[in-house]
Amino acid sequence: MQTRPLPFPSRRWLLCALLGAAALQSPLSALAGFNFFTSEYTATRDELQTQIAKRFPVAERYAEIFMVGLRDPQLGLDARGNRAAITATLTIASPLLAASPVQGVVSVSSALRYDATTRALRLDQPKAERIELQGVHGRDAERLQQVGALVAQELLQGQVLRSFTADELTVGRKTYEIGDITVQDDGIKVQLK
């Protein structure tokens, strides 16, 4: 019986095999929202909601008189304004308040930025758009709304929406950086460069 030597593989075949092997070395979970052919990553609204919910509740003392807390965040996405929004339950407690704590809801919209040092997509310059308090009226309500809005903005400044690992941003020998950030109705898309 005569054996024939196998033909030498073409360059194209070798390139495809090497690219396939490199892709298999990356964890499959890391490739879920990544599209390296179009150089972009899309984080779904549900993925982002899960990530931000892990970072709550948050609280901060204001002027040594008030304790302001946020919990139960709900993420909203504004594609037209290219902004993200967080609506959260607000609590303001103080020994100066007759009905303490005061409960309410605050909605904050924010631009987004990428922090290369921590590889994180963060809220940037959040602005309180709406604040409603229960059981407080008149001048007291106005003052508490100002305090609640100011502290909510401080608490959400720099809040992480999505962190990336070094492995997620590396394919083969190429390590990507995050470029333009685009808010969509159902997610946030970032450019990979």
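Start counting the sequence shown at -8; every next residue gets the next number (this note's numbering).
Every residue gets a Cβ at the ideal spot worked out from N, C-alpha and C, and that includes glycine.
Here the structure is a predicted model, which means the values were calculated and not measured.
Consult DSSP for residue i and reduce its assignment to one of helix, strand or coil.
i	result
Lys184	coil
Ala84	strand
Arg46	coil
Thr41	helix
Ala90	coil
Ala14	Only weak support is given to the placement of Ala14: the predicted model assigns it a pLDDT of 44, under 50, and the value that follows is read from those uncertain coordinates. Helix.
Going by C-alpha to C-alpha distance, which of the options sits closest to residue i?
i	options	result
Ser154	Gly163, Gln144, Gln136 and Ile179	Ile179
Thr161	Lys184, Ala140, Leu147 and Val151	Lys184
Leu68	Asp177, Val181 and Gln182	Asp177
Val181	Ala90, Leu103 and Thr82	Leu103
Phe28	Tyr167, Ala76, Val174 and Gln175	Tyr167
Gly95	Gln137, Asp106, Thr109 and Asn73	Gln137
Glu159	Ile77, Thr173 and Arg110	Arg110
Ala186	Ser98, Ser85, Val93 and Asp63	An answer regarding residue 186 cannot be provided, because it is not within the stretch -8 to 184 covered by the chain.
Gly126	Leu135, Ile172, Lys118 and Thr173	Leu135
Does the beta carbon of residue i come closer than 8 Å to any beta carbon on chain B?
i	result
Leu147	You won't find chain B in this structure, because it holds only one protein chain.
What separation, rounded to the nearest whole angstrom, lies between the Cα atoms of residue i and residue j?
i	j	result
Ala13	Tyr32	Summary for Ala13: the model assigns pLDDT 44, below 50, so the residue's position carries little reliability, and this model does not support an answer.
Ala132	Phe25	46 Å
Glu55	Gln144	18 Å
Ala44	Tyr53	23 Å
Pro48	Val142	14 Å
Ile83	Ala50	10 Å
Arg71	Leu81	27 Å
Gln40	Leu147	14 Å
Arg62	Arg46	9 Å
Gly170	Val93	41 Å
Mind checking which residues open and close the beta strand (DSSP E) that includes residue i?
i	result
Arg164	Segment: none, Arg164 is in no beta strand (DSSP E) and carries neither H nor E.
Arg121	Ala111 to Leu124
Given that a residue counts as buried once 16 or more other Cβ atoms are within 10 Å of its Cβ, and exposed if not, what is residue i?
i	result
Leu87	exposed
Gly60	buried
Ser100	buried
Gln150	buried
Ala90	exposed
Please list the terminal residues of the continuous alpha helix (DSSP H) segment that includes residue i.
i	result
Val99	Looking at the DSSP string, Val99 is not in any alpha helix (DSSP H); the run it does join, the beta strand (DSSP E), is Val93 to Asp106.
Ala54	First-last for Ala54: undefined, no H or E at that position.
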